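Asks: Protein chains in written order, with the numbering used here: chain S, 11 to 119; chain Z, 258 to 374. Provided herewith is a single structure, encoded as structure tokens, for subsequent inquiry.
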Amino acid sequence: GDSVTQMEGPVTLSEEAFLTINCTYTATGYPSLFWYVQYPGEGLQLLLKATKADDKGSNKGFEATYRKETTSFHLEKGSVQVSDSAVYFCALGRHDMRFGAGTRLTVKP
Amino acid sequence: GAVVSQHPSWVICKSGTSVKIECRSLDFQATTMFWYRQFPKQSLMLMATSNEGSKATYEQGVEKDKFLINHASLTLSTLTVTSAHPEDSSFYICSARDPQGSYNEQFFGPGTRLTVL
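In structure tokens, the structure reads:
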């Protein structure tokens with residue numbers, strides 16, 4: 011069945027550092043791929059998405075490219091801020107949604 | 258974008274009581290809603306898919322008699338945790354699919370934290 015494997019972390023970075031959170035998936039066909047962010051005590055917010063191969067999703071300086079050949083959807087940001095501290099979930103969507111384990115990011119000033 | 262609300266945002270109850278959590282789509286009609294459970298520092302686990310006007314579809318290992326789901330209208334789904342016990346304490350999150358939107362995108366509610374004493 012469909013599944014998502016995500017770098018678990020935790021990840022601790024200094025402000026303005028480069029961020030990469032790896033995500034790979036297993037699925038047949040062409041599911042949609044998502045990155046969600048969860049701040050403490052809150053629900054999930056959609057960060058970005060891509061619906062087909064080679065699509066690049068981007069939002070708030072974050073980017074991820076849907077790579078069919080490597081079955082990956084790695085999240086990147088060139089310069090993180092303290093306010094980016096949160097848990098990030100990679101997800102695969104068809105009729106329902108399958109989530110990765112989540113990666114806790116802490117950005118220190 | 259589409260908005261999904263949940264009520265209550267948190268609840269504390271005694272062991273043996275039942276708790277009802279509501280999930281509403283505020284600006285769209287959702288024929289399908291989903292219920293997830295999240296333990297501390299863990300990922301979301303799909304519990305069930307709620308379809309308007311029909312019975313919910315439960316994931317393997319989820320007790321349908323313990324977690325009652327009702328989706329009586331296109332904007333409301335409810336999850337009732339019956340005879341709650343401390344091990345049911347968790348963060349429950351619902352989501353809804355907007356039929357007008359991207360087929361595979363779900364909009365998530367803010368979650369309900371349940372604590373069973």
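Cβ atoms here follow ideal geometry from the backbone N, Cα and C, with glycine treated the same way. Remember, predicted model here, so these are calculated numbers, not experimental data.
Which residues, in chain order, does the stretch 294-311 of chain Z contribute to contact with chain S at a C-beta distance below 7 Å?
Replies: For the stretch 294-311 of chain Z, the beta-carbon criterion of a distance under 7 Å to any beta-carbon of chain S is satisfied by SER300, LEU301, LEU303 and THR306.
Asks: Hey, how far is the Cα of Z/GLN263 from the Cα of Z/PRO356?
Replies: If you number the second sequence from 1, residue 263 of chain Z lands on position 6. If you number the second sequence from 1, residue 356 of chain Z lands on position 99. Taking the straight line from one Cα to the other gives about 20 Å.
Asks: The stretch 316-327 of chain Z: which residues have C-beta closer than 7 Å to a C-beta of chain S, in chain order?
Replies: none
Asks: Measure from the C-beta of Z/ILE350 to each C-beta in chain S and report whether the shortest distance is under 8 Å.
Replies: In the second sequence, counting from the first residue as 1, residue 350 of chain Z sits at position 93. Output row for Z/ILE350: interface = yes.
Asks: Measure from the C-beta of Z/GLU344 to each C-beta in chain S and report whether the shortest distance is under 8 Å.
Replies: On the second sequence, residue 344 of chain Z is found 87 positions in, with the first residue counted as 1. No, because no Cβ of chain S sits closer than 8 Å to the Cβ of Z/GLU344.
Asks: Return the residue from the list Z/GLY318, Z/LEU303 and Z/ALA329 that minimises the CA-CA distance to Z/LYS312.
Replies: Sequence index remark: in the second sequence, residue 312 of chain Z carries index 55 (1-based). Among Z/GLY318, Z/LEU303 and Z/ALA329, the Cα nearest to that of Z/LYS312 belongs to Z/ALA329.
Asks: At 9 Å on the CB atoms, spell out the chain S contacts of Z/GLN357, in chain order.
Replies: Position 100 of the second sequence, counting from 1, holds the residue named residue 357 of chain Z. Residues of chain S passing the Cβ test: none, with the nearest at roughly 16 Å.
Asks: Between Z/SER266 and the rest of its own chain, which residues show a CB-CB distance below 8 Å, the 5 nearest in sequence each way excluded?
Replies: On the second sequence, residue 266 of chain Z is found 9 positions in, with the first residue counted as 1. Excluding residues within five positions, the ones whose Cβ falls inside 8 Å are PRO367, GLY368, THR369 and ARG370.
Asks: Could you check whether the Cβ of S/PRO17 sits closer than 8 Å to any Cβ belonging to chain Z?
Replies: Sequence index remark: in the first sequence, residue 17 of chain S carries index 7 (1-based). For clarity, residue 17 of chain S is Met in the given sequence; the question names Pro instead. So, not an interface residue.
Asks: Taking the alpha-carbon positions, what's the Z/PHE296 to Z/LYS321 distance?
Replies: Start at 1 with the first residue of the second sequence, and residue 296 of chain Z comes out as number 39. Start at 1 with the first residue of the second sequence, and residue 321 of chain Z comes out as number 64. Cα-Cα distance, rounded: 19 Å.
Asks: Can you give, in chain order, each stretch of the beta strand (DSSP E) that sits fully within the stretch 40-111 of chain S and has at least 3 residues?
Replies: 42-48, 54-60, 66-69, 72-75, 85-87, 96-103 and 107-109
Asks: Tell me where the beta strand (DSSP E) around S/LEU115 begins and ends.
Replies: Position 105 of the first sequence, counted from the start, is the residue given in the question as residue 115 of chain S. Residues 113-118.
Asks: Considering Cα atoms alone, identify which of S/SER89, S/CYS100, S/ALA37 and S/ASP106 is closest to S/VAL117.
Replies: The residue you call residue 117 of chain S lines up with position 107 of the first sequence. Of the listed residues, the one whose Cα sits closest to S/VAL117 is S/SER89.
Asks: Within 10 Å of its beta-carbon, does Z/LEU374 have 16 or more other beta-carbons around it, so buried, or fewer, so exposed?
Replies: The residue given as residue 374 of chain Z occupies position 117 in the second sequence. Exposed, since its Cβ has fewer than 16 Cβ neighbours within 10 Å.
Asks: Between Z/THR306 and the rest of its own chain, which residues show a CB-CB distance below 6 Å, the 5 nearest in sequence each way excluded?
Replies: As a working mapping, residue 306 of chain Z is identified with position 49 in the second sequence. These residues qualify, in order along the chain: PHE291 and THR314.
Asks: Relative to the C-alpha of S/LEU57, which candidate in S/ALA74, S/PRO41, S/LEU115 and S/ASP65 has its C-alpha closest?
Replies: To locate residue 57 of chain S, count along the first sequence from 1; it is residue 47. Ranking S/ALA74, S/PRO41, S/LEU115 and S/ASP65 by Cα distance to S/LEU57 puts S/ALA74 first.
Asks: With respect to the beta strand (DSSP E) encompassing Z/SER311, which residues constitute its N-terminal and C-terminal limits?
Replies: In the second sequence, residue 311 of chain Z corresponds to position 54, counting from 1. From DSSP, Z/SER311 is part of no beta strand (DSSP E); its letter is neither H nor E.
Asks: Among S/GLN91, S/GLY19, S/ASN69 and S/PRO20, which one has its Cα closest to the Cα of S/TRP45?
Replies: Within the first sequence, residue 45 of chain S is the residue found at index 35, counting from 1. Of the candidates S/GLN91, S/GLY19, S/ASN69 and S/PRO20, the one whose C-alpha sits nearest the C-alpha of S/TRP45 is S/ASN69.
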